[in-house]
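Visitor: Starting off with a structure, shown below.
Protein chains in written order, with our numbering: chain A, 1 to 179; chain B, 180 to 376.
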């Protein structure tokens, strides 16, 4: 959104607080209701999703600088299939704001609302891409893309979690790496 | 009049206190269309010029990898679903082919997407409505990814059946298989096992 006014940016900025997080620290304990949004200044954060019934966990998304994220699962008031948590994989700096406050401000300020809508559009696109990669690319391709994005991923998260992000078993992953 | 009722209840399912004026405004830029099975509603590479609301029928969102030419059904949309080709919003995406096709005979409302977006700039209520629709779409996309990771093919099939009980009568088996990310043979095994229990 390149035509957003300085005033709207200022108003948005007022909501934010800088926060430093050490590698390995959890940003959100799994099951507290969560009303914050975050912007990554630098560092890498993994979004874990946990299935309540099967008690399985996987990394749904790996987030970088300039990514904006919220705990989307909180929007799901009916089913609550999964619970989310966010963990920093490196030392990370984030900006944190109160989601309710942002939405309240946005009720008065249509520029902010348009901005939120743009963010949502981008996020849908991002999720759709992830879904397409899971369905259309083979595991080797998916691994290569991940390695391109984060060359030292092997040092940041355990193998079985990389495997879960790629939707394959750890054994399959070790075969791919060997090759 | 019945049409207005459907739109009213659909829009109020997103924003319960949406005013009659906003609904009126929204209704003024949509019109009813009828398409046969296999009709391509949105072609690849087209900008998001229209959005659609399904009144009856099933529309599949298809994605194809350019290199391998592998194709799958990304989403199955049924009645009361709102959709447009969000991938066209990414200007430098050349890796995949996207299109939307009627998997059965369909009756849909069609509206101008740019016009709707323009209205969201002018009308705060419509902006809120758009926000809720996007949030819902986000949540659905996320759930679909979670399903692929957490559920096995049988569970995914059950989830689809819960969502659209008569899906077997509406679209072809190989299309259901494609949506579930299994082969048609695997799907027929799953169905056999389920129905023999």
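All C-beta atoms, glycine included, are put in the ideal place defined by N, C-alpha and C.
Considering only the alpha carbon of each residue, which of 101/A, 160/A and 114/A lies closest to residue 37/A?
Guide: Residue numbering aside, residue 37/A sits at position 37 when the first chain is read from its first letter. Among 101/A, 160/A and 114/A, the Cα nearest to that of residue 37/A is on 101/A.
Visitor: Can you tell me where the beta strand (DSSP E) holding residue 291/B begins and where it ends?
Guide: In the second chain, residue 291/B corresponds to position 112, counting from 1. Residue 291/B -> beta strand (DSSP E) spans 285-291.
Visitor: Strictly under 9 Å for the Cβ-Cβ distance: is residue 62/A near chain B by that measure?
Guide: As a first step, residue 62/A must be located in the first chain, where it is residue number 62. For residue 62/A, the answer is no, since every Cβ of chain B falls outside 9 Å of its Cβ.
Visitor: From the DSSP secondary-structure annotation, give me the bridge partner or partners of residue 250/B.
Guide: Looking up residue 250/B in the second chain gives position 71. The partner list for residue 250/B (beta bridge, DSSP) reads 243/B.
Visitor: For the beta strand (DSSP E) that residue 57/A lies in, which residues bound it at each end?
Guide: For the purposes of this step, residue 57/A is taken as residue 57 along the first chain, with counting starting at 1. Per DSSP, residue 57/A belongs to the beta strand (DSSP E) from 57-63.
Visitor: Can you tell me which of 311/B, 335/B and 291/B puts its alpha carbon nearest to the alpha carbon of residue 120/A?
Guide: Counting from 1 along the first chain, the entry for residue 120/A is found at position 120. Cα-wise, what sits closest to residue 120/A is 311/B.
Visitor: The region 157-174 of chain A: which residues have C-beta closer than 8 Å to a C-beta of chain B, in chain order?
Guide: Going along the region 157-174 of chain A in chain order, one finds 164 and 167 with a Cβ nearer than 8 Å to chain B.
Visitor: Three or more beta-carbon pairs under 8 Å between the region 248-265 of chain B and the region 206-213 of chain B, yes or no?
Guide: Judged by Cβ distances under 8 Å, the region 248-265 of chain B makes no contact with the region 206-213 of chain B, as fewer than three pairs qualify.
Visitor: When DSSP builds the beta bridges, which residues end up paired with residue 50/A?
Guide: By 1-based counting over the first chain, the position of residue 50/A is 50. According to DSSP, which records beta bridges pairwise, residue 50/A is partnered with 57/A and 83/A.
Visitor: Quick check on the DSSP output: the alpha helix (DSSP H) that includes residue 42/A runs from which residue to which?
Guide: Taking the first chain and counting its residues from 1, the one referred to as residue 42/A is at position 42. Looking at the DSSP string, residue 42/A is not in any alpha helix (DSSP H); the run it does join, the beta strand (DSSP E), is 36-42.
Visitor: Can you name, in chain order, every residue of its own chain whose Cβ lies under 6 Å from the Cβ of residue 7/A, other than the five neighbours on each side?
Guide: Residue numbering aside, residue 7/A sits at position 7 when the first chain is read from its first letter. Around residue 7/A: no qualifying Cβ.
Visitor: What residues of chain A sit near residue 310/B, judged by a beta carbon separation below 9 Å?
Guide: One-based indexing of the second chain puts residue 310/B at position 131. What residue 310/B touches in chain A: 103, 106, 113, 116, 117 and 120.
Visitor: Report the partner residues of residue 17/A according to the DSSP bridge assignment.
Guide: Your numbering for residue 17/A matches position 17 in the first chain. Paired residues: 96/A.
Visitor: What residues in the region 280-312 of chain B bring their beta carbon closer than 8 Å to a beta carbon of chain A?
Guide: Result list: 299, 300, 303, 306, 307, 309 and 310.
Visitor: Measuring alpha carbon to alpha carbon, tell me which residue in 317/B, 322/B and 221/B is nearest residue 117/A.
Guide: Position 117 of the first chain, counted from the first residue, corresponds to residue 117/A. The option with the nearest alpha carbon to residue 117/A is 317/B.
Visitor: Can you name the residues that DSSP bridges to residue 262/B?
Guide: Residue mapping note: residue 262/B aligns to position 83 of the second chain, counting from 1. Residue 262/B is bridged to 231/B.
Visitor: Distance cutoff 9 Å, beta carbons only. Does residue 430/B sit that close to anything in chain A?
Guide: Examination of residue 430/B is not possible in this model, given that chain B is present from 180 through 376 alone.
Visitor: Here's a check: name, in chain order, each residue in its chain whose Cβ is nearer than 6 Å to the Cβ of residue 97/A, leaving out the five neighbours to either side.
Guide: Within the first chain, residue 97/A is the residue found at index 97, counting from 1. Around residue 97/A: 15, 16 and 37.
Visitor: Say yes only if the C-beta of residue 167/A is nearer than 8 Å to one or more non-hydrogen atoms of the ligand FAD, and no if none qualify.
Guide: You won't find the ligand FAD in this model; it holds no ligand whatsoever.
Visitor: Would residue 4/A and residue 40/A be called neighbours here (beta carbons separated by less than 9 Å)?
Guide: Numbered from its first residue, the first chain carries residue 4/A at position 4. Numbered from its first residue, the first chain carries residue 40/A at position 40. Contact: no.
Visitor: Pair every Cβ in the region 124-136 of chain A with every Cβ in the region 229-244 of chain B, then say whether three or more of these pairs are closer than 8 Å.
Guide: Flag = yes, the region 124-136 of chain A and the region 229-244 of chain B touch.
Visitor: So what's residue 180/B in DSSP terms, helix, strand or just coil?
Guide: Here residue 180/B refers to the residue found at position 1 when the second chain is read from its first residue. Because residue 180/B carries a pLDDT of 49, less than 50, the predicted location of this residue cannot be relied on, and no value is offered for it.
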